[in-house]
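A.B. asks: With the working numbering applied, the sequence shown covers 24 to 275. Glycine included, C-beta positions come from ideal geometry on N, C-alpha and C. The structure displayed is predicted, hence computed values, not measured ones. Please find one structure pasted underneath; my questions will follow.
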Amino acid sequence: MTLLAVERIKLFSTRSPWWCMALALGLMVGFAGLVSASASNPGQVSVPVSQFGFSFALAVILVLATLSVTTEYRFNTIKTTFQAVPSRTSALLAKTIVVAFTAGVLGLVAAFGSLGIASLIQPNADMALNSEADWRQIAGTGLVTLFAAVVAVSVGILIRQTAGAVSILLAYSLVAENLVQLIPSVGADIHKWLPFNVAYRFLTGNPERAVDFQGPGSSTSTLPPWAALAYFAGFSVVMLVIAIVVAKRRDA
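Okay, structure coming up:
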């Protein structure tokens, strides 16, 4: 518990996490408001549409989680942590838990906030959470951001340098996975199993939308939604294990 408290204090004692949280929340809620206000009739606004800004918010959350690690390497405070805590595994797990929990709560607040602002702007739109798919799209956002933060922390531990880690994460999650589909013959099959594509499968399922404005991108994965979440969670755990093993074998 002491380690968790220490990591919580370290995370929130600098400005960058607060700015990242404000930006992630502002982007997701802001896009929900913009898209809802731009709709010509209430029928164009739905639960998935209210989550239009998720990809942008997720990118900021990845940056937040990465900075929680790379900032310590930059200012060499990670060495002090490793000297104070005999087990590097315990220290890194504590950091991961705090950052992941923060990201999960942030994702949840942003999702419900976006739903709320869309409902306020288009009060006649059907924004009720009437199905498991609707609840998964909103409440499930927190689970996706939680495991995405674990991936980002892992990359931060492995790369240790802010610009490199952030560049890799954003380029991969926003661009590289989609570009894989362009590989002749096998690209589409590979893309089905890429982690962030699978994570979107959990959120969106296989929606049949008849609206002009779209929510989070649909996925090409063929996994059932909850199996998709398990896959993404498993990927994040594997990444964390690799990162901790590497961190234990090299100098801080």
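So, Ala141 versus Val83, is the Cβ gap smaller than 8 Å?
C.D. replies: Cβ distance not < 8 Å, so Ala141 and Val83 don't count as in contact.
A.B. asks: Flag this pair as yes or no: are the beta carbons of Val221 and Ser242 separated by less than 8 Å?
C.D. replies: In this structure, Ser242 lies closer than 8 Å to Val221 by Cβ.
A.B. asks: Helix or strand or just coil, what does DSSP make of Arg183?
C.D. replies: In this structure, Arg183 counts as coil in the three-state DSSP scheme.
A.B. asks: For the 8 Å Cβ check, are there 3 or more pairs between the stretch 186-203 and the stretch 88-104?
C.D. replies: Because the criterion of three Cβ pairs below 8 Å is met, the stretch 186-203 and the stretch 88-104 touch.
A.B. asks: Cα-Cα, which of Val70, Arg273, Ala253 and Ile101 is closest to Ser137?
C.D. replies: When each option's Cα is compared against that of Ser137, the closest is Val70.
A.B. asks: Whose C-beta lies closer than 6 Å to the C-beta of Val29 among residues of the same chain, with five residues either side of it excluded?
C.D. replies: So the list is empty, once near-sequence residues are dropped.
A.B. asks: Do Phe219 and Ser196 have their CB atoms nearer than 8 Å?
C.D. replies: Result yes, Cβ atoms of Phe219 and Ser196 sit closer than 8 Å.
A.B. asks: Around the C-beta of Phe35, are 16 or more other C-beta atoms found within 10 angstroms, so that it is buried, or is it exposed?
C.D. replies: Under this definition Phe35 is an exposed residue.
A.B. asks: Mind checking which residues open and close the alpha helix (DSSP H) that includes Val203?
C.D. replies: Run containing Val203: none; DSSP gives neither H nor E here.
A.B. asks: Under a three-way DSSP split, which group does Pro40 fall into?
C.D. replies: DSSP places Pro40 in helix when its eight states are reduced to three.
A.B. asks: Cutting at 6 Å between CB atoms, please list the residues of its own chain near Tyr96, excluding the five before and the five after it.
C.D. replies: Contacts found: Arg183.
A.B. asks: How is Thr243 classed by DSSP in three states: helix, strand or coil?
C.D. replies: Coil, per DSSP.
A.B. asks: Where Ile18 and Ser177 are concerned, what is the direct C-alpha to C-alpha distance, given to the nearest angstrom?
C.D. replies: The structure shown does not extend to residue 18, since the chain is modelled only from 24 to 275, so the question has no answer here.
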